[in-house]
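Here the sequence shown is numbered in the working numbering, starting from 3 and rising by one per residue.
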Amino acid sequence: MDKSKNISLTIITAVIGFMIAIQFQTVKEPVVRDTRDVWQLREALLKEKELQSTLIREIRSNEEKLAAYESKRKQSKEQVLRETLEELKVEAGLTEITGPGLVLTIEPIYEDIKLGTTVASLSPDLLKRMLNELNMYDAKHISVDGQRIINSTVIRDINGETKIDGHTLDSLPIDVKIVVEDMKTANKLYNRMQVSKSAEEFFIDNLRVTVSNPELNITVPAYENSIRIRNMQPVKPGEGGNT
Numbered sequence: 003m004d005k006s007k008n009i010s011l012t013i014i015t016a017v018i019g020f021m022i023a024i025q026f027q028t029v030k031e032p033v034v035r036d037t038r039d040v041w042q043l044r045e046a047l048l049k050e051k052e053l054q055s056t057l058i059r060e061i062r063s064n065e066e067k068l069a070a071y072e073s074k075r076k077q078s079k080e081q082v083l084r085e086t087l088e089e090l091k092v093e094a095g096l097t098e099i100t101g102p103g104l105v106l107t108i109e110p111i112y113e114d115i116k117l118g119t120t121v122a123s124l125s126p127d128l129l130k131r132m133l134n135e136l137n138m139y140d141a142k143h144i145s146v147d148g149q150r151i152i153n154s155t156v157i158r159d160i161n162g163e164t165k166i167d168g169h170t171l172d173s174l175p176i177d178v179k180i181v182v183e184d185m186k187t188a189n190k191l192y193n194r195m196q197v198s199k200s201a202e203e204f205f206i207d208n209l210r211v212t213v214s215n216p217e218l219n220i221t222v223p224a225y226e227n228s229i230r231i232r233n234m235q236p237v238k239p240g241e242g243g244n245t
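In structure tokens, the structure reads:
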């Protein structure tokens, strides 16, 4: 019995001693602390702030780029609309045009006047045939006596006077100005008008058509009258396709 107590006491003493040894070792080891000085900490903090500032700048830069892209996209749509409107105005004859072309001058045959021959007035039919011929020869823009010729132009005889959309062609000579695509086309037009059938028909009415040399800058004025559009109505939302 005593022997059993001694063994138990020995075990308890050994355990207590082992625990005391562990506690002593724990107290003996110093606590690990950040041994960096204040300046090192400040430098580390500064680097963190610089990194944060860099990230903020990049975020702002990307936001500005996105805003600029969105603005450019909207402006691009507006620019396309403006360009389309300008193209339509040009096609409709509502803008002054300057480009390569030539001038046809319709005038009386003065030799016949001296002989007492009566000079006929410029007939609508002769003028129409000439304009049709010019269009066949790639004329893009035409004016007659300062009046722009467009698709809806009306040329007719009213009380013995030839009128273009109400403008009276009452005196000769009359200039017909033609603007074409380029100088090559202008030269072709010049050569064709030298042997023009419509020019020969003018000669029968004691009128002469003189063809000027091709020029780089011929100006055709804009159409000044109101354009009337019939049988057209504004499209309601949801009709005529999506926009």
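Positions of the beta carbon are idealized from the N, C-alpha and C atoms, including for glycine.
- Straight through space, the alpha carbons of Pro223 and Gly148 are spaced by roughly 7 Å.
- Under the DSSP assignment, Glu217 falls outside any alpha helix (DSSP H), being part of the beta strand (DSSP E) whose first and last residues are Glu217 to Val222.
- Leu104 sits in a strand when the DSSP states are folded into three classes.
- Secondary-structure assignment with DSSP links Leu209 through a beta bridge to Pro110.
- For Asp177, the enclosing beta strand (DSSP E) starts and ends at Ile176 to Val181.
- Taking 9 Å as the cut-off, the Cβ atoms of Pro102 and Asn208 do not count as close.
- In the structure shown, Ser78 adopts helical secondary structure according to DSSP, grouped into three states.
- In the DSSP assignment, Lys186 falls outside any beta strand (DSSP E) and lies within the alpha helix (DSSP H) extending over Met185 to Gln196.
- Of the other Cβ atoms in all chains shown, fewer than 16 fall within 10 Å of the Cβ of Met138; this residue is therefore exposed.
- When beta bridges are read from the DSSP output, Ile166 appears opposite Ile157 and His169.
- With a cutoff of 9 Å on beta-carbon distance, Ser200 and Met132 are scored as near each other.
- Taking C-beta atoms as the reference points, Tyr225 and Ile176 fail to come closer than 9 Å.
- Per DSSP, Asn227 is not a residue of any alpha helix (DSSP H), being assigned neither H nor E.
- Secondary structure of Ile58 (DSSP, three-state): helix.
- Following the DSSP letters along the chain, one finds Ile152 in no beta strand (DSSP E), marked with neither H nor E.
- The beta carbon of Asn219 lies closer than 8 Å to those of Thr100, Gly101 and Pro102 in the same chain, with the five residues before and after it left out.
- Excluding the 5 residues flanking it on each side, Asp184 has same chain C-beta neighbours closer than 7 Å at Pro102, in chain order.
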